[in-house]
Amino acid sequence: MSRILVVTSGKGGVGKTTTTANLGMALAQRGHKVAVVDADFGLRNLDLLLGLENRIVYTAVEVLAGECRLDQALVRDKRQPNLALLPAAQNRTKDAVTPEQMKKLVGALTKAFHYILIDCPAGIEMGFQNAISPAREAIIVTTPEVAAVRDADRVVGLLEANDVKRMYLVINRLKPAMVEQDMMMSVKDVQEILAIPLLGVVPDDERVIVSTNRGEPLVLSENPSLAAVAFSNIVRRLEGEKVPFLDLTAPQDDLFSRLRRLFRGRSKP
Amino acid sequence: MTSDSSLPAAIPSIVQPAPEVSPVPQVRFKGESGRLLLLLPSETEVVSSAATWTDIWQQLKQRLNAGERFWQPNTPVHLIARDRLLDGRQLQSIADALTEAQLQLKRVYTSRRQTAVAAATTGLSVEQQSPVAHLNQPEESGQALAEPLYIQTTVRSGMEVRHPGTVIILGDVNPGSTIIADGDVLVWGMLRGVVQAGAAGNTRCVIMALRMEPTQLRIADFVARAPEAPPNLYQPEVAYVISDSIRIIRAADFSKERLLPPVSSDIEAEE
Numbered sequence: 083m084s085r086i087l088v089v090t091s092g093k094g095g096v097g098k099t100t101t102t103a104n105l106g107m108a109l110a111q112r113g114h115k116v117a118v119v120d121a122d123f124g125l126r127n128l129d130l131l132l133g134l135e136n137r138i139v140y141t142a143v144e145v146l147a148g149e150c151r152l153d154q155a156l157v158r159d160k161r162q163p164n165l166a167l168l169p170a171a172q173n174r175t176k177d178a179v180t181p182e183q184m185k186k187l188v189g190a191l192t193k194a195f196h197y198i199l200i201d202c203p204a205g206i207e208m209g210f211q212n213a214i215s216p217a218r219e220a221i222i223v224t225t226p227e228v229a230a231v232r233d234a235d236r237v238v239g240l241l242e243a244n245d246v247k248r249m250y251l252v253i254n255r256l257k258p259a260m261v262e263q264d265m266m267m268s269v270k271d272v273q274e275i276l277a278i279p280l281l282g283v284v285p286d287d288e289r290v291i292v293s294t295n296r297g298e299p300l301v302l303s304e305n306p307s308l309a310a311v312a313f314s315n316i317v318r319r320l321e322g323e324k325v326p327f328l329d330l331t332a333p334q335d336d337l338f339s340r341l342r343r344l345f346r347g348r349s350k351p
Numbered sequence: 215m216t217s218d219s220s221l222p223a224a225i226p227s228i229v230q231p232a233p234e235v236s237p238v239p240q241v242r243f244k245g246e247s248g249r250l251l252l253l254l255p256s257e258t259e260v261v262s263s264a265a266t267w268t269d270i271w272q273q274l275k276q277r278l279n280a281g282e283r284f285w286q287p288n289t290p291v292h293l294i295a296r297d298r299l300l301d302g303r304q305l306q307s308i309a310d311a312l313t314e315a316q317l318q319l320k321r322v323y324t325s326r327r328q329t330a331v332a333a334a335t336t337g338l339s340v341e342q343q344s345p346v347a348h349l350n351q352p353e354e355s356g357q358a359l360a361e362p363l364y365i366q367t368t369v370r371s372g373m374e375v376r377h378p379g380t381v382i383i384l385g386d387v388n389p390g391s392t393i394i395a396d397g398d399v400l401v402w403g404m405l406r407g408v409v410q411a412g413a414a415g416n417t418r419c420v421i422m423a424l425r426m427e428p429t430q431l432r433i434a435d436f437v438a439r440a441p442e443a444p445p446n447l448y449q450p451e452v453a454y455v456i457s458d459s460i461r462i463i464r465a466a467d468f469s470k471e472r473l474l475p476p477v478s479s480d481i482e483a484e485e
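Line order of the protein sequences matches chains A and B.
Taking this note's numbering, the leading residue of the first sequence gets 83, the next gets one more, and so forth.
Taking this note's numbering, the leading residue of the second sequence gets 215, the next gets one more, and so forth.
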């Protein structure tokens, strides 16, 4: 049976779309047939991140209106034939579709794809309701910030109430150096509040911005960055593999800082 | 957190102010002779914050998720819809949600004709009550507290639990959430949200938590914030009102000081 996952966060700008693009691409690289669905009607971005903007002819709205077939709207990725994008309409708002219609669309996709990733818009209004209604599992993306974690917590509660009970946590944009100096929430702090299984931690990386602007997901790059490795690991964990978490402190590590950390760890109660 | 010998004597007498603001009623389950009553807030009660179907639906799901463990399979449920307007689809989703929790919706009580018709069409047995009878015996007429609400869940940001009695939570109360109880509030977990005990004005109500890191505590009309500097060691604590302010004390000391009969203070007075 195909897996239907919604990628959501509550707060905007924490990296939902980046996560969707990279996870979708990484899953496709592993040989799965993957459909990524942009549920952000009116503010679509997923096509940009995947570099597929100029190949969109029809969108989900036209499919629902019966103006085209579903397979006409699906955009196959030129680099990775296993990946397809179902674009959202840019000229409509989030009220243009209903949860029932989303369920129908995604239900049709399950016939041809193993994985369906739904990129959820920010907020908890209609767009959110639309995006989560077909989902059976959820990936909660958050950054180690109080506001992002608070919103993620709210979203977890709403998902529970909407019968999406399998949830996984992705912590994005962690700065290990800042955590070490106690200036940023640690992975443990975030987990303590959200209390859902951790799927992975993606370090803050400037290359993410470059890849976003170029429309080339990180996981496609020849010499993968730490963030790209983190995304690949997330996909492996999603499939049930046991992958040890990356030691994000490793690159800028030396004997001194290691010792310092050791002692600091000791001195705390 | 020092012990004060005059403590028991200093407990102020119960203040019972008239409830100016009736608390926003929520979806509630109530056990009654072998069956469960599912009480929906009445439409007239909720004027300011209109409890829409979405709110009701979410509250119902949250209560079901949080209490599942305590219900015997196939317990009959009677839906007390009062003057709430429900259509067939809504009634069906309530029935489905209950079925999922292995409960059976048996009967619908309503004072609205449309709801009664919708329920009958859905295939439920209906009892239509006259709205007047309901107005004459509002549920809040008695002063007695409702039976305690015992829920096993993480109370997450944005959730609000209101209950006209004591609330017991097996789980964490996260920042951004609110608990408002007319009785005590017991949190078997971390307390990080806003919690109010004795919301109807009872200053003798207490708030207990395994780990007290609240955004704000309220008991009756008193309000307190957590200290700016967090303690380096968290342990179970109790918040209560003494000499017109909220005080937090270690749970172990609380039982010694507060729960002993007043006799102990007499002894200390003699010394």
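Note that beta-carbon positions come from the ideal geometry of N, C-alpha and C, so glycine has one too.
Treat the numbers as computed from the prediction; the structure is a model and nothing was measured.
Environment of residue i [buried if 16+ CB atoms lie within 10 Å]
i                      : result
residue 97 of chain A  : buried
residue 464 of chain B : exposed
residue 466 of chain B : exposed
residue 284 of chain B : exposed
residue 447 of chain B : exposed
residue 313 of chain B : exposed
residue 291 of chain A : exposed
residue 426 of chain B : buried
residue 139 of chain A : exposed
residue 120 of chain A : buried
residue 388 of chain B : buried
residue 162 of chain A : buried
residue 430 of chain B : exposed
residue 275 of chain B : buried
residue 265 of chain A : exposed
residue 309 of chain A : buried
Residues near residue i by beta carbon distance below 7 Å, same chain, minus five either side
i                      : result
residue 317 of chain A : 105, 108, 109, 112
residue 272 of chain A : 224, 226, 231, 253
residue 332 of chain B : 300, 301, 302, 305
residue 470 of chain B : none
Residue i versus the options, residue with shortest Cα-Cα distance
i                      : options                    : result
residue 272 of chain B : B:364, B:443, B:428, B:242 : B:242
residue 296 of chain A : A:128, A:281, A:329        : A:128
residue 253 of chain A : A:304, A:184, A:189, A:268 : A:268
residue 435 of chain B : B:289, B:446, B:417, B:359 : B:417
residue 386 of chain B : B:408, B:395, B:396        : B:408
residue 320 of chain B : B:375, B:291, B:296, B:440 : B:291
residue 99 of chain A  : A:330, A:300, A:114        : A:300
residue 326 of chain A : A:198, A:152, A:283        : A:283
residue 374 of chain B : B:404, B:426, B:391, B:270 : B:391
residue 328 of chain B : B:297, B:315, B:307        : B:297
residue 146 of chain A : A:133, A:131, A:168, A:160 : A:168
residue 424 of chain B : B:402, B:307, B:414, B:269 : B:402
residue 95 of chain A  : A:201, A:262, A:322        : A:201
For residue i: DSSP bridge partner residues
i                      : result
residue 436 of chain B : B:433
residue 249 of chain A : A:220
residue 409 of chain B : B:393, B:431
residue 402 of chain B : B:384
residue 324 of chain B : B:296, B:342
residue 377 of chain B : B:395
residue 289 of chain B : B:317
residue 197 of chain A : A:85, A:116
residue 184 of chain A : Residue 184 of chain A is not bridged to any residue.
residue 90 of chain A  : A:222
residue 254 of chain A : A:284
Close beta carbons around residue i, own chain, < 6 Å, minus the five adjacent residues each side
i                      : result
residue 320 of chain A : none
residue 398 of chain B : 380, 411, 419, 420
residue 360 of chain B : 378, 379
residue 400 of chain B : 382, 422
residue 209 of chain A : 176, 203
residue 455 of chain B : 417, 433, 436
residue 250 of chain A : 221, 279, 281
residue 218 of chain A : 86
residue 330 of chain B : 324, 340, 342
residue 236 of chain B : Only weak support exists for where residue 236 of chain B lies, its pLDDT of 44 falling under 50; the coordinates are left without a value.
Residues of its chain near residue i, where Cβ-Cβ distance is below 8 Å and the 5 sequence neighbours each way are ignored
i                      : result
residue 144 of chain A : 150, 155, 171
residue 135 of chain A : 129, 297
residue 215 of chain A : 181, 182, 184, 185, 244
Minimum Cβ-Cβ distance from residue i to chain D less than 7 Å
i                      : result
residue 232 of chain A : Of the chains in the structure shown, none is chain D; the protein chains are A and B.
Interface positions of the stretch 390 to 406 of chain B facing chain A (Cβ-Cβ less than 9 Å), listed along the chain | Listed in sequence order: 390, 391, 404, 406.
Closer than 7 Å, Cβ to Cβ, to anything on chain A: give me those residues from the stretch 362 to 384 of chain B, in chain order.
-> So the close ones are 368, 370, 371, 372, 373.
Selection of the stretch 236 to 262 of chain A by Cβ proximity to chain B, strictly under 7 Å | Residues of the stretch 236 to 262 of chain A with a C-beta atom less than 7 Å from some C-beta of chain B are 236, 238, 239, 242, 243, listed in chain order.
The stretch 273 to 303 of chain B: positions lying closer than 8 Å to chain A by Cβ | Here the close residues are 275, 276, 279.
Would you list, in chain order, the members of the stretch 264 to 282 of chain A that have their beta-carbon closer than 7 Å to a beta-carbon of chain B?
-> The residues in question are 275, 277.
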